[in-house]
Amino acid sequence: MSKKIIFFLLTVILALAGCTNEQAQPKTTTTTSKTETKTVNVSNETLPKDLEVALVMQMSIGTFSSQYIEGVTEQVEAFGGNVKVYNAENDLSKMASYVDTATTQGVDVILIDHGRADALKEPVQRALDKGIKVVAFDNDLTNEGVTVIDQDDYSLAWRSLKALAEDLDGEGNIVTIWVGGFTPMERRHTIYDAFLKRYPGIQEVAKFGSATNNTALDTQSQMEAILKKYPEGEIDAVFAMWDEFAKGASRAIKQAGRDEIAVYGIDLSDEDLQLMQEEGSPWKVTAATDPAEIGRIQVRYAYQKVVGEETPSIHSVDPYLVDRDVLPNEPVTMDDLGQYVPGWGESNAAWSDWMKETD
Ligand code: SR1
C-alpha cells in the first residue's frame, strides 16, 4: 500500500473516532469563585445520581424547619438521591455522633443544620477526611472544604428592627423574644444591641425566650404573663427573633385584645403568612428568606462539590422585608408571595448547567 493511501485511511479512522467521541462528549459546566474559574466535565456517567444524603439537624421545631426539610428532600429527589434525616433534639453531643454515624455508613453527602463548631468541628473533619462532601446551614463551622450558608442574620434583624423604629417614630417600649446559644440568634442579637444604641428613645421593658419542643405555645404563656404585668399603654411593640416566638406572642396579644401592640418578626412560612393575614393580627412585619430555598441551595452546593465544581466557603442568602400591608385580602402562600414582594423566590444560587437537565 502506498504512503498516500495509508495516510488517507488513517485520516478517515481518526475522523470516525472523533465523531464517536463527540457523541459521548461530557457536558461542560463552569463555576467561578473569587479566586479561580474551574471547568468541570459532567457526562451521563458522572452525573451524581443515587447519592445517599444525611441531613443532621440540631432540632426540628416549627414550620421553618419543616419547610426547610421539604426543600432539601425535593432537591435531592429531583437529582435521584435519597435523604435520611437525623434530629438531635437540641442535644449537641447527639448531633456530633449523628455526623459520625453518617460517616461510618459511608454516605456521599452530609448536610448540617444549626449546631456549633465547638461540638461539630471534629466529626465534620472526620467526614471530610473520608471524602464526604459537607454543606452546613446556620452555624460557625470553618473546616476547609465546607460551605456554610446563612440568611444574613445581621440584615434580617436590622430590617425588622428598622421597620419597628420607624413605626414607633423612635420612641416606645418593647418586649424582645430571643434565645441564646444558636449562631443565627447570636448574630441577630449583635444587631439588637446596636439598635438599642441607635434608638435611645426605645426601651426594652422585658426580654425572654427559650427553644423547647413547644416553643410557640410556651412563648404564648410567657407573653400572657407579660401582658398582665404591663397593662395597656405600657408596651408598644414586640420584637420576636424567630417565627415560633412571633406566633406565640401574636396569639397572646390577639386573645388579650391588646390591639395597640404590633409584632415585628423574623422568618416566614405558609402558616406564618396565614397568621399575619388574619383579621386583627398583631403580626405586622417580618424579615425572611424562603426556608425551602435554603434547603435546595444547600443540596445544590453539595452536588457541585460531588462533581468537583468550585464552591464558596460562605453564602449569605438575601432576606426580604414583608409588611402585612402589601399583602392582598385573599390568602397568600410562600409560592405566590413574589407577586407582592419584588424579588422573593428568585434565587439563582448554586445552579450548574447540568442540574437544569435533571431538575
Ligand atoms: C433557635 S434558631 C431559630 C432560627 O433558625 C433559623 O435561622 C430560623 O431563621 C430561626 O429563626
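Numbering (mature numbering (1 follows the signal peptide of the UniProt record, and there is no 0)), first residue to last: -24 to -1, 1 to 335. C-beta atoms are modelled at their ideal positions from N, C-alpha and C, and glycine is treated no differently. From a predicted model like this one, the values you see are computed outputs, not experimental measurements.
Looking at the secondary structure, which residues open and close the beta strand (DSSP E) in which residue 271 lies? Along the sequence shown, read from residue 1 onward, the residue named residue 271 stands at position 295. Per DSSP, residue 271 belongs to no beta strand (DSSP E); it is in the alpha helix (DSSP H), 267 to 282.
Please state the DSSP three-state secondary structure of residue 90. In the sequence shown, the residue the question calls residue 90 occupies position 114. Looking at residue 90 - three-state DSSP - the assignment turns out to be coil, as it is neither helix nor strand.
Would you report the Cα separation of residue 9 and residue 239, rounded to the nearest angstrom? Counted from its first residue, the sequence shown places residue 9 at position 33. Counted from its first residue, the sequence shown places residue 239 at position 263. For residue 9, the pLDDT reaches just 45, beneath the cut-off of 50, and the residue's location in the model is therefore unreliable, leaving the point undetermined.
Would you decide whether residue 99 is buried or exposed? Buried here means 16 or more other CB atoms lie within 10 Å of its CB. Position 123 of the sequence shown, counting from 1, holds the residue named residue 99. With 16 or more other Cβ atoms within 10 Å, it is buried.
DSSP-derived helix/strand/coil call for residue 81: Taking the sequence shown and counting its residues from 1, the one referred to as residue 81 is at position 105. In the structure shown, residue 81 sits in coil (DSSP, three-state: anything other than H, G, I, E or B).
Should residue 190 be labelled buried (16 or more other beta-carbon atoms within 10 Å of its own) or exposed? The sequence position of residue 190 within the sequence shown is 214, counting from 1. Residue 190 comes out exposed.
Taking only three categories from DSSP, how would you classify residue 208? Within the sequence shown, numbered from 1, the residue matching residue 208 stands at position 232. Correct three-state label for residue 208: coil.
Ligand 1 and residue 310: does any heavy atom of the ligand fall closer than 8 Å to the residue's C-beta? Here residue 310 refers to the residue found at position 334 when the sequence shown is read from its first residue. No, the beta carbon of residue 310 sits no closer than 8 Å to any heavy atom of ligand 1.
Answer yes or no: the CB of residue 217 versus the heavy atoms of ligand 1, is any distance below 8 Å? Locating residue 217 in the sequence shown gives position 241, where the first residue counts as 1. Yes; taking the cut-off as 8 Å, the Cβ of residue 217 has a heavy atom of ligand 1 nearer than that.
Below 8 Å, is the gap between the Cβ of residue 114 and the nearest heavy atom of ligand 1? Against the sequence shown, residue 114 aligns to sequence position 138. Because some heavy atom of ligand 1 lies under 8 Å away, the Cβ of residue 114 counts as near it: yes.
Alpha carbon to alpha carbon, how far is residue 307 from residue 249? Give it in angstroms, no decimals. For the purposes of this step, residue 249 is taken as the residue at position 273 of the sequence shown. For the purposes of this step, residue 307 is taken as the residue at position 331 of the sequence shown. Each residue's alpha carbon lies about 8 Å from the other.
Which one of 188, 259 and 203 has the shortest CA to CA distance from residue 223? For the purposes of this step, residue 223 is taken as the residue at position 247 of the sequence shown. Per the Cα distances, 259.
Grouping DSSP H, G and I as helix and E and B as strand, with all else coil, what is residue 322? Start at 1 with the first residue of the sequence shown, and residue 322 comes out as number 346. Residue 322 falls in the coil class under three-state DSSP.
Where the alpha helix (DSSP H) containing residue 159 begins and where it ends: For the purposes of this step, residue 159 is taken as residue 183 along the sequence shown, with counting starting at 1. 159 to 174 is the extent of the alpha helix (DSSP H) around residue 159.
Determine the contact status of residue 68 and residue 34, defining contact as a CB-CB distance below 9 Å. Residue mapping note: residue 68 aligns to position 92 of the sequence shown, counting from 1. Residue mapping note: residue 34 aligns to position 58 of the sequence shown, counting from 1. In contact: residue 68 and residue 34 (Cβ atoms closer than 9 Å).
Quick one: does the C-beta of residue 160 sit closer than 8 Å to a heavy atom of ligand 1? Sequence index remark: in the sequence shown, residue 160 carries index 184 (1-based). Yes; taking the cut-off as 8 Å, the Cβ of residue 160 has a heavy atom of ligand 1 nearer than that.
Cβ contact (3+ pairs, closer than 8 Å) linking the segment 322 to 334 and the segment 158 to 174: no
Among 173, 280, 135 and 225, whose alpha-carbon lies nearest the alpha-carbon of residue 337? Within the shown structure, residues of the chain are numbered from -24 to 335, placing residue 337 beyond reach of any answer.
Could you check if residue 186 is buried or exposed, using at least 16 other CB atoms within 10 Å of its CB as the buried criterion? Working through the sequence shown from its first residue, we reach residue 186 at position 210. Exposed: under 16 other Cβ atoms inside 10 Å.
Using 9 Å as the threshold, is the C-beta distance between residue 110 and residue 283 below it? As a first step, residue 110 is located in the sequence shown; it is residue number 134 there, counting from the start. As a first step, residue 283 is located in the sequence shown; it is residue number 307 there, counting from the start. No, the Cβ-Cβ distance between residue 110 and residue 283 is not below 9 Å.
How would you call residue 80, buried or exposed, if buried means at least 16 neighbouring beta carbons within 10 angstroms? Position 104 of the sequence shown, counted from the first residue, corresponds to residue 80. That one is exposed.
Would you kindly work out how many angstroms separate the C-alpha atoms of residue 292 and residue 171, rounded to a whole number? Along the sequence shown, read from residue 1 onward, the residue named residue 292 stands at position 316. Along the sequence shown, read from residue 1 onward, the residue named residue 171 stands at position 195. Distance between the alpha carbons of residue 292 and residue 171: 21 Å.
According to the Cβ coordinates, are residue 133 and residue 165 closer than 9 Å? Counting from 1 along the sequence shown, the entry for residue 133 is found at position 157. Counting from 1 along the sequence shown, the entry for residue 165 is found at position 189. Yes, these two residues count as a Cβ contact at 9 Å.
I'd like the ranges of any beta strand (DSSP E) spanning at least 3 consecutive residues and lying wholly in the segment 90 to 151. 109 to 113 and 123 to 126
Please classify residue 292: does DSSP put it in a helix, a strand, or coil? Taking the sequence shown and counting its residues from 1, the one referred to as residue 292 is at position 316. Three-state result, residue 292: strand.
Return the residue from the list 28, 231 and 285 that minimises the CA-CA distance to residue 123. Taking the sequence shown and counting its residues from 1, one reaches residue 123 at position 147. The residue with the shortest Cα to Cα distance from residue 123 is 285.
Cutting at 7 Å between CB atoms, please list the residues of its own chain near residue 251, excluding the five before and the five after it. For the purposes of this step, residue 251 is identified with residue 275 of the sequence shown, where counting begins at 1. Taken in chain order, the residues that qualify are 223, 226, 257 and 259.
Please go through the same chain and pick out, in chain order, the residues whose beta-carbon is closer than 6 Å to the beta-carbon of residue 265, but skip the five residues on each side of it. Locating residue 265 in the sequence shown gives position 289, where the first residue counts as 1. The answer, listed in chain order, is 127, 293 and 295.
Ranges of the alpha helix (DSSP H) found wholly within the segment 204 to 257, counting only runs of at least 4: 219 to 231 and 246 to 253
Would the beta-carbon of residue 132 be found less than 8 Å away from any heavy atom of ligand 1? Numbered from 1 along the sequence shown, position 156 holds the residue referred to as residue 132. Within the cutoff, so yes.
Could you tell me if the beta carbon of residue 243 falls within a distance shorter than 8 Å of some heavy atom in ligand 1? To locate residue 243, count along the sequence shown from 1; it is residue 267. Yes.
If we ignore side chains and look at the alpha-carbon of each, how far apart do residue 23 and residue 64 end up? Position 47 of the sequence shown, counted from the first residue, corresponds to residue 23. Position 88 of the sequence shown, counted from the first residue, corresponds to residue 64. Using only the alpha carbons, I get a separation of about 32 Å.
Could you have a look at residue 45 and say whether DSSP puts it in helix, strand or coil? Numbered from its first residue, the sequence shown carries residue 45 at position 69. Helix, per DSSP.
Does the distance from the C-beta atom of residue 29 to that of residue 85 stay below 9 Å? Looking up residue 29 in the sequence shown gives position 53. Looking up residue 85 in the sequence shown gives position 109. The answer is yes: Cβ separation under 9 Å.
On the criterion of 16 or more Cβ atoms from any shown chain inside 10 Å, does residue 333 qualify as buried, or is it exposed? One-based indexing of the sequence shown puts residue 333 at position 357. Counting Cβ neighbours within 10 Å, residue 333 comes out exposed, since fewer than 16 surround it.
Going by DSSP, which residues form a beta bridge with residue 183? Working through the sequence shown from its first residue, we reach residue 183 at position 207. According to DSSP, residue 183 bridges with 152.
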